[in-house]
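Enquirer: When we follow our numbering, the leftmost residue of the sequence shown carries the number 607, and every step to the right adds one.
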Amino acid sequence: MDEKLAEQFFNTMDARSDEAQEDCIHCGKRWYVMHHLDGVCHNCQKKGLPGRREIARHKKVVRWVILIGTALLLARIFIFNN
Ligand SMILES: [Zn+2]
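See below:
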């Protein structure tokens with residue numbers, strides 16, 4: 607094989623393997639994406655830590671609770687002031 611072509615090939619392979627890796631959202635351990643579940647490495651999965659989607663869902667629920675709580679508080683202040 608042509609030397610330059612071989613070098614290009616290995617560079618492409620390196621770039622690919624870089625892309626296929628990511629940091630665990632809990633411990634920051636860099637690992638291959640295919641071993642991660644929703645951004646969580648195998649060790650953290652065993653600990654039962656939540657994945658990216660679960661955290662996003664949780665944040666959404668918290669946002670709604672805060673919104674409803676604020677609305678109820680404002681309604682109470684409004685009712686008691688009149
Ligand atoms: Zn982890």
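Just so you know, even glycine gets a beta-carbon here, dropped at the ideal spot from N, CA and C.
The structure displayed is predicted, hence computed values, not measured ones.
In angstroms with no decimal places, state the Cα-to-Cα distance between Val667 and Lys610.
Expert: Distance between the alpha carbons of Val667 and Lys610 is about 54 Å.
Enquirer: Per the DSSP calculation, Arg636 is bridged to which residue(s)?
Expert: Note: Arg636 sits in a beta bridge opposite Asp629.
Enquirer: Work out the CA separation of Phe615 and Val646 for me, nearest whole Å.
Expert: So the two alpha carbons sit approximately 30 Å from each other.
Enquirer: Ligand 1 and Val646: does the residue's C-beta get closer than 7 Å to at least one heavy atom of that ligand?
Expert: For ligand 1, at least one heavy atom lies less than 7 Å from the Cβ of Val646.
Enquirer: What does the alpha-carbon distance come out to for the pair His632 and Leu680?
Expert: Between His632 and Leu680, the C-alpha separation is close to 37 Å.
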